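K.L.:
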Amino acid sequence: EAGVAQSPRYKIIEKRQSVAFWCNPISGHATLYWYQQILGQGPKLLIQFQNNGVVDDSQLPKDRFSAERLKGVDSTLKIQPAKLEDSAVYLCASSLDLGSGTGETQYFGPGTRLLVL
Amino acid sequence: QQQVKQSPQSLIVQKGGISIINCAYENTAFDYFPWYQQFPGKGPALLIAIRPDVSEKKEGRFTISFNKSAKQFSLHIMDSQPGDSATYFCAAGKGGGSQGNLIFGKGTKLSVKP
Numbered sequence: 001e002a003g004v005a006q007s008p009r010y011k012i013i014e015k016r017q018s019v020a021f022w023c024n025p026i027s028g029h030a031t032l033y034w035y036q037q038i039l040g041q042g043p044k045l046l047i048q049f050q051n052n053g054v055v056d057d058s059q060l061p062k063d064r065f066s067a068e069r070l071k072g073v074d075s076t077l078k079i080q081p082a083k084l085e086d087s088a089v090y091l092c093a094s095s096l097d098l099g100s101g102t103g104e105t106q107y108f109g110p111g112t113r114l115l116v117l
Numbered sequence: 118q119q120q121v122k123q124s125p126q127s128l129i130v131q132k133g134g135i136s137i138i139n140c141a142y143e144n145t146a147f148d149y150f151p152w153y154q155q156f157p158g159k160g161p162a163l164l165i166a167i168r169p170d171v172s173e174k175k176e177g178r179f180t181i182s183f184n185k186s187a188k189q190f191s192l193h194i195m196d197s198q199p200g201d202s203a204t205y206f207c208a209a210g211k212g213g214g215s216q217g218n219l220i221f222g223k224g225t226k227l228s229v230k231p
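Chains V and U, in that order, are what the protein sequence lines are. Just so you know, we're using our numbering here: the first sequence kicks off at 1 and counts up by one. Just so you know, we're using our numbering here: the second sequence kicks off at 118 and counts up by one.
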């Protein structure tokens with residue numbers, strides 16, 4: 001079974017530029033998550049989708065971050081304009097979501113490492 | 118109330134020794150407590166998880182101990198091996214339906230010396 005795919009793996013941009021990340025979840029997984037992992041910290045949820053609907057985006061800085069999952073499969077996360085503090089690893093995860101509540105394993109992709117100069 | 122506090126920040130253990138990592142939470146609504154293992158350049162991977170209806174869960178060399186009254190849980194790695202050297206994250210989740218988002222601790226970097 002193929003894992004969660006993310007691209008690009010690395011990105012270096014200057015502040016105020018825009019950047020986009022792409023995620024392809026495990027086939028059949030209804031729920032997709034984007035996390036931000038700052039160096040030395042645990043992942044922090046940015047947004048959670050179930051199919052193509054947003055479940056939780058309470059920690060997404062909506063003035064600069066946006067995300068979409070138009071057909072309920074792939075997803076893109078965009079930052080516009082980027083700030084220095086956005087330097088982090090952006091992780092995408094997916095889970096099967098059988099509707100039984102928490103406890104369904106989240107499978108993480110390798111992440112995109114973003115450096116904002 | 119949403120925090121998960123993890124300690125220690127780093128841990129050095131000799132091969133064959135026991136590694137112990139601790140986590141504490143505040144929100145009693147949490148009902149799912151997984152541990153994730155992360156190697157450099159990789160995403161976190163689920164290691165083992167527990168629900169609050171049991172006090173201990175063991176899978177191979179990995180054991181979670183859970184103390185509901187103290188709102189604490191810990192990961193024990195028995196017979197630690199150099200290949201266990203990684204960063205370990207505890208997490209907590211709550212809710213039903215599709216509310217599966219997790220709150221992660223800050224991580225523990227484990228080094229197992231040969």
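Ideal placement from N, C-alpha and C gives every residue a C-beta, glycine not left out. Quick caveat, the model's predicted, so the values are computed rather than measured.
On the CB-based measure, 16 or more other CB atoms within 10 Å of its CB, does residue 54/V come out buried or exposed?
P.N.:
Residue 54/V comes out exposed.
K.L.:
Figure out for me which residue from 87/V, 96/V, 107/V and 112/V has the closest Cα to the Cα of residue 30/V.
P.N.:
When each option's Cα is compared against that of residue 30/V, the closest is 96/V.
K.L.:
Using a Cβ-Cβ distance under 8 Å, would residue 127/U count as near chain V?
P.N.:
So, not an interface residue.
K.L.:
How is residue 201/U classed by DSSP in three states: helix, strand or coil?
P.N.:
Helix at residue 201/U.
K.L.:
Is it true that the region 152-162 of chain U meets the region 125-135 of chain U, where meeting means three or more beta-carbon pairs spaced less than 8 Å apart?
P.N.:
Segments in contact, no.
K.L.:
Mind listing the chain V neighbours of residue 169/U? Cutoff is C-beta to C-beta under 9 Å, in chain order.
P.N.:
Result: empty, since nearest Cβ-Cβ is about 11 Å, beyond 9 Å.
K.L.:
Please confirm if residue 221/U has its CB atom under 8 Å from at least one CB of chain V.
P.N.:
It does; some Cβ of chain V falls within 8 Å.
K.L.:
List the residues of chain U whose Cβ lies closer than 9 Å to the Cβ of residue 91/V, in chain order.
P.N.:
160 and 161, listed in chain order.
K.L.:
Using alpha carbons as the reference points, say which of 208/U, 228/U and 155/U lies closest to residue 120/U.
P.N.:
Selected option, being the one with the closest Cα: 208/U.
K.L.:
Please list, in chain order, the residues of the region 55-80 of chain V that have any C-beta partner in chain U closer than 8 Å.
P.N.:
Those residues of the region 55-80 of chain V that come within reach of chain U (Cβ to Cβ, closer than 8 Å) are 55 and 56.
K.L.:
What residues of chain V sit near residue 224/U, judged by a beta carbon separation below 8 Å?
P.N.:
Correct list: 40, 41 and 42.
K.L.:
Does residue 85/V come out as helix, strand or coil in the three-state DSSP assignment?
P.N.:
In this structure, residue 85/V counts as helix in the three-state DSSP scheme.
K.L.:
Using 8 Å as the threshold, is the C-beta distance between residue 129/U and residue 197/U below it?
P.N.:
Contact flag unset, no.
K.L.:
Just to make sure I have the definition right: I need the residues of chain U whose C-beta is within less than 9 Å of the C-beta of residue 17/V. Which are they?
P.N.:
Chain U residues near residue 17/V: none, gap ~24 Å exceeds 9 Å.
K.L.:
Show which residues of chain U have a CB atom less than 9 Å away from the CB atom of residue 28/V.
P.N.:
The contacting residues do not exist; residue 28/V stays about 15 Å from chain U at best.
K.L.:
Answer yes or no: the CB of residue 21/V versus the heavy atoms of the ligand FAD, is any distance below 7 Å?
P.N.:
Among the components modelled here there is no ligand, and therefore nothing to report on the ligand FAD.
K.L.:
Go to residue 96/V, then tell me how far its beta strand (DSSP E) extends in each direction, as first and last residue.
P.N.:
Counting along the chain, residue 96/V falls outside any beta strand (DSSP E), and DSSP gives it neither H nor E.
K.L.:
Nearest to residue 71/V by alpha carbon, out of 39/V, 50/V, 16/V and 116/V?
P.N.:
When only C-alpha atoms are compared, the closest one is 50/V.
K.L.:
Which parts of the region 121-180 of chain U are runs of the beta strand (DSSP E), unbroken and 3 residues or longer, counting only runs that do not cross its ends?
P.N.:
Entirely contained in the region 121-180 of chain U, the beta strand (DSSP E) runs reaching 3 residues are, in chain order, 121-124, 127-131, 136-142, 147-155, 162-167 and 173-176.
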